[in-house]
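Per this note's numbering, numbering of the sequence shown is gapless, rising by one per residue and ending at 287.
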Amino acid sequence: MICCEVTPTIRLLSWDSNEHQVDLEKELATLSAQAPEGEEARYGERLIQYASENLVTEILIHPQMNTLMQCMRNLLSSFTRHRHLVHAGYTFAGNGSWIMQDGTFSLSDFTDAYQENEVQRVVRAYENSISIDIHCSTGGGEWHKLPEMPFAKHCKIRVNPTDILDSGSQAIKDFISYLNPYVVPANLEQLLVSSDVVGNIRFSHPTLYVFPGGQGDAALFGINGFNMLVKQPMDLIFGIELFEKAESNIGYFLLKKNKLFLRDSLKTVINADVECGQMLVLYNA
Numbered sequence: 003m004i005c006c007e008v009t010p011t012i013r014l015l016s017w018d019s020n021e022h023q024v025d026l027e028k029e030l031a032t033l034s035a036q037a038p039e040g041e042e043a044r045y046g047e048r049l050i051q052y053a054s055e056n057l058v059t060e061i062l063i064h065p066q067m068n069t070l071m072q073c074m075r076n077l078l079s080s081f082t083r084h085r086h087l088v089h090a091g092y093t094f095a096g097n098g099s100w101i102m103q104d105g106t107f108s109l110s111d112f113t114d115a116y117q118e119n120e121v122q123r124v125v126r127a128y129e130n131s132i133s134i135d136i137h138c139s140t141g142g143g144e145w146h147k148l149p150e151m152p153f154a155k156h157c158k159i160r161v162n163p164t165d166i167l168d169s170g171s172q173a174i175k176d177f178i179s180y181l182n183p184y185v186v187p188a189n190l191e192q193l194l195v196s197s198d199v200v201g202n203i204r205f206s207h208p209t210l211y212v213f214p215g216g217q218g219d220a221a222l223f224g225i226n227g228f229n230m231l232v233k234q235p236m237d238l239i240f241g242i243e244l245f246e247k248a249e250s251n252i253g254y255f256l257l258k259k260n261k262l263f264l265r266d267s268l269k270t271v272i273n274a275d276v277e278c279g280q281m282l283v284l285y286n287a
């Protein structure tokens, strides 16, 4: 799965051609030469599928959860002895969950897919001969627990194994160059969509206000003279809320890590066709 810029750290370098009896560099060279475009879906999602006599490849770019779950089931239930899974996108710093278009893919989601009946039927058929390499963020989060889980004792699972191949390989470079045009990072203005709701919020009694631009992931709890930001533990960037002559002196809440978004925040205010006595910018990071 790819959600950001493709670099040599895409973690293909741990492939052991001798152990898996497949020359990955040769297969990647053939794939890059054919350069299949795959199928493009909504919101920039793209699925590229390639199969040869020795290797079956599925590349998900900016995937949605349904697509990822289906491809994960296909991978785990395939009658192959080795599966190589690479996530080259954004993750949560704590648990290491993978950030998709419309949700998160966690270790729990993987274990649920792994324990499905169809997958277990294949695992029992190739007991103690299946290997799975999983590459994710450097920290890994909860993914490092995977090899020690009871259901994983019938196969060999490694998380972030060490590199073997040469990062300067021409086949690897050509493969990355082939994928790069399809990986388009989201524009900051798309991430910082401002709300259409503009006006005063007057709290006469305890009120929970859910930000429309936040899709329910953050809310403001307030009473007259007191406001408290309530958020779920999700690293999301929320839109800008403009309040005309807001009662409470909240001011700006700009974290240091969000300096990259300051420009777009100010641009939104400047272009807004409202007269604001005060602006509240809330970032969840």
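Beta carbons: idealized from backbone N, C-alpha and C, even for Gly.
With 16 other Cβ atoms within 10 Å as the buried cut-off, status of residue i
{"i": "residue 44", "result": "exposed"}
{"i": "residue 261", "result": "In this prediction, residue 261 has a pLDDT of 48, which is less than 50 and means its spatial position is unreliable; nothing more can be read from the coordinates."}
{"i": "residue 179", "result": "exposed"}
{"i": "residue 135", "result": "buried"}
{"i": "residue 120", "result": "exposed"}
{"i": "residue 29", "result": "buried"}
{"i": "residue 151", "result": "exposed"}
{"i": "residue 254", "result": "The predicted model places residue 254 with a pLDDT of 41, which falls under 50 and marks its position as unreliable, so this point remains unresolved."}
{"i": "residue 115", "result": "buried"}
{"i": "residue 177", "result": "buried"}
{"i": "residue 173", "result": "buried"}
{"i": "residue 65", "result": "buried"}
{"i": "residue 47", "result": "buried"}
{"i": "residue 61", "result": "buried"}
{"i": "residue 50", "result": "buried"}
Whole-number beta carbon distance between residue j and residue i, since they are thought to touch under 8 Å
{"i": "residue 15", "j": "residue 139", "result": "Between residue 139 and residue 15 the Cβ distance is about 16 Å, and since that is not below 8 Å, they are no contact."}
{"i": "residue 13", "j": "residue 146", "result": "About 15 Å; that fails the 8 Å criterion."}
{"i": "residue 185", "j": "residue 63", "result": "6 Å"}
{"i": "residue 124", "j": "residue 81", "result": "6 Å"}
{"i": "residue 156", "j": "residue 130", "result": "6 Å"}
{"i": "residue 83", "j": "residue 132", "result": "6 Å"}
{"i": "residue 109", "j": "residue 77", "result": "In fact, because the Cβ distance is near 16 Å, the residues do not count as touching under 8 Å."}
Limits of the alpha helix (DSSP H) - the one that residue i falls within
{"i": "residue 110", "result": "109-116"}
{"i": "residue 75", "result": "67-78"}
{"i": "residue 22", "result": "19-22"}
{"i": "residue 129", "result": "Per DSSP, residue 129 belongs to no alpha helix (DSSP H) and is neither H nor E."}
{"i": "residue 33", "result": "26-36"}
First through last residue of the beta strand (DSSP E) which encompasses residue i
{"i": "residue 133", "result": "133-137"}
{"i": "residue 59", "result": "58-63"}
{"i": "residue 53", "result": "48-53"}
{"i": "residue 85", "result": "84-88"}
Contact with chain B by residue i, beta-carbon distance below 8 Å
{"i": "residue 112", "result": "Protein chain content of the structure displayed is limited to a single chain, and chain B is not contained in it."}
With contact counted as at least three CB pairs below 8 Å, one residue from each stretch, are the region 93-109 and the region 64-74 in contact?
yes
Given 8 Å, three or more beta-carbon pairs between the region 29-37 and the region 87-102:
no
Meets three-Cβ-pair contact criterion under 8 Å: the region 22-32 and the region 54-65
yes
Enumerated in chain order, which unbroken segments of the beta strand (DSSP E) with a length of 3 residues or greater are wholly contained in the region 159-190?
none
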